[in-house]
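Here is the structure we will look at, set down as structure tokens.
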Amino acid sequence: TRVRIRSGQEIITGAFLKSFAVDEVARLLRSEGVTDAVINAGGSTILALNDNSHPTWTVNVPHPTEADAGPRKLPISNQCFSLSARANNHLVIDGRAYGHILDSRTGLPAATLQTGVTSAGAFIGDAISTALFALAEDEMEETASALAHHFDFEHFRVEGHGGQLHGTCS
Numbered sequence: 000t001r002v003r004i005r006s007g008q009e010i011i012t013g014a015f016l017k018s019f020a021v022d023e024v025a026r027l028l029r030s031e032g033v034t035d036a037v038i039n040a041g042g043s044t045i046l047a048l049n050d051n052s053h054p055t056w057t058v059n060v061p062h063p064t065e066a067d068a069g070p071r072k073l074p075i076s077n078q079c080f081s082l083s084a085r086a087n088n089h090l091v092i093d094g095r096a097y098g099h100i101l102d103s104r105t106g107l108p109a110a111t112l113q114t115g116v117t118s119a120g121a122f123i124g125d126a127i128s129t130a131l132f133a134l135a136e137d138e139m140e141e142t143a144s145a146l147a148h149h150f151d152f153e154h155f156r157v158e159g160h161g162g163q164l165h166g167t168c169s
């Protein structure tokens with residue numbers, strides 16, 4: 000399979016490589032007997048290992064549009080939290096922010112502000128988070144339900160219109 004891109008364009012694989020590395024570090028820690036740890040790969044991928052002495056880690060989920068707003072708190076236990084968001088990775092043109100994840104139907108930046116996924120591993124969580132982020136709002140729940148037949152995860156999504164919180168799937 001071949002992908003062609005124009006001069007000046009790029010495909011960034013860092014997120015998927017980062018999540019693969021997080022899964023490998025977690026595997027190595029477990030093999031060395033580590034039972035309680037958190038691996039934070041830049042805030043967008045956080046994997047927790049928990050034992051009975053420390054049953055959860057708390058992840059701070061930033062507000063999708065207001066940097067000064069307090070974060071939402073999300074407890075995770077022996078799972079990964081993956082966040083796809085426009086806030087820290089966008090380009091501003093004429094006062095409007097354009098995100099880095101594209102809507103495949105239009106070729107334009109996706110309208111989503113933030114999508115979060117909790118899953119057993121970082122690689123799957125990051126892939127699902129990015130996929131759900133790129134979908135139109137009306138396609139997200141159907142796709143999440145279809146993916147839930149193959150992967151154990153929960154998700155949330157914040158849309159650009161009014162900051163509405165959408166969906167949870169397990």
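Heads up: the sequence shown is residues 0 to 169, going by this note's numbering.
Virtual Cβ for every residue (Gly too), placed ideally from N, Cα, C.
Check your understanding: Helix, strand or coil for T44 per DSSP?
Key -> T44 sits in a strand when the DSSP states are folded into three classes.
Review point. Going by beta carbon distance, what residues of the same chain come within less than 8 Å of A126, once the five residues before and after it are set aside?
Key: Contacts found: F15 and S18.
**Study point:** Cβ-Cβ distance between L131 and T142 below 8 Å
**Key:** yes
Check your understanding: At what residues does the alpha helix (DSSP H) containing E9 begin and finish?
Key -> Premise fails: E9 is in no alpha helix (DSSP H) and is neither H nor E.
Exercise for review: Whole angstroms is fine: what's the gap from K72's alpha carbon to E136's?
Suggested key: 24 Å
Practice item. Report the residue ranges of all alpha helix (DSSP H) runs contained in full by the segment 92-161; include only those spanning at least 4 residues, in chain order. Key: 121-133 and 136-147
Check your understanding: Any contact of the segment 45-62 with the segment 100-108, i.e. 3+ C-beta pairs under 8 Å?
Key -> no
Review point. What is the DSSP secondary structure of A66, reduced to helix, strand or coil?
Key: coil
Exercise for review: To the nearest angstrom, report how far apart Q8 and H89 are at their CA atoms.
Suggested key: 15 Å
Point to revise | Cβ neighbour criterion (16 or more within 10 Å) applied to H149 | key: By the neighbour-count rule (16 or more Cβ atoms within 10 Å), H149 is not buried but exposed.
Review point. Among R156, I45 and D102, which has the Cα closest to the Cα of A20?
Key: I45
**Study point:** Per DSSP, cross-strand counterpart(s) of K72
**Key:** N59
Exercise for review: Taking 8 Å as the cut-off, decide whether the C-beta atoms of A133 and Q113 are in contact.
Suggested key: no
Check your understanding: To the nearest angstrom, how far is it from the Cα of E153 to the Cα of S43?
Key -> 16 Å
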